[in-house]
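In the working numbering, the protein residues as written are 9 to 109.
Every residue gets a Cβ at the ideal spot worked out from N, C-alpha and C, and that includes glycine.
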């Protein structure tokens, strides 16, 4: 099964950059990437973090995973796409579209 993901930067805050993400299947959410570009957390549209789940790319670990497997998987895919593109470009991107399996 092939799916796609679109992420776009919606806000730049002192706490980091907020990205809205959407899958082709209709799942949506927001992620806050910290200013050091190493920690991702689910957040509101305004950048207020939700729950305790976070992905720290420096240690490659998901902490306090959400019990909903669909939300957890979508969060991991979106965060990893943003991190990877940030590494590739040397800065956080404004918009990303990816196809994955």
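- If you draw a straight line from the alpha carbon of residue 51 to that of residue 93, how long is it in whole angstroms? In the chain shown, counting from the first residue as 1, residue 51 sits at position 43. In the chain shown, counting from the first residue as 1, residue 93 sits at position 85. C-alpha of residue 51 to C-alpha of residue 93: approximately 20 Å in a straight line.
- Task: Return yes when the Cβ of residue 86 is within less than 8 Å of the Cβ of residue 13, no when it is not.
- Result: For the purposes of this step, residue 13 is taken as the residue at position 5 of the chain shown. For the purposes of this step, residue 86 is taken as the residue at position 78 of the chain shown. Contact: yes.
- Under the three-state reduction of DSSP, which class applies to residue 58: helix, strand or coil? For this step, residue 58 is matched to residue 50 along the chain shown. If DSSP states are grouped into helix, strand and coil, residue 58 belongs with coil.
- Can you tell me the Cα-Cα spacing of residue 71 and residue 60, whole angstroms? Working through the chain shown from its first residue, we reach residue 71 at position 63. Working through the chain shown from its first residue, we reach residue 60 at position 52. Going by the C-alpha atoms only, they are around 8 Å apart.
- residue 53 - DSSP class collapsed to helix/strand/coil: For the purposes of this step, residue 53 is taken as the residue at position 45 of the chain shown. Coil, per DSSP.
- Determine the direct distance from the alpha carbon of residue 38 to that of residue 106, and round the result to whole angstroms. Here residue 106 refers to the residue found at position 98 of the chain shown. Here residue 38 refers to the residue found at position 30 of the chain shown. Using only the alpha carbons, I get a separation of about 16 Å.
- Go ahead and label residue 48 buried or exposed: buried means 16 or more other beta carbons lie within 10 angstroms of its beta carbon, across all protein chains shown. Here residue 48 refers to the residue found at position 40 when the chain shown is read from its first residue. Under the 10 Å beta carbon count, residue 48 is surrounded by 16 or more other beta carbons and is classified as buried.
- Message: Measuring only the C-alpha atoms, how far is residue 26 from residue 18?
- Response: By 1-based counting over the chain shown, the position of residue 26 is 18. By 1-based counting over the chain shown, the position of residue 18 is 10. About 6 Å.
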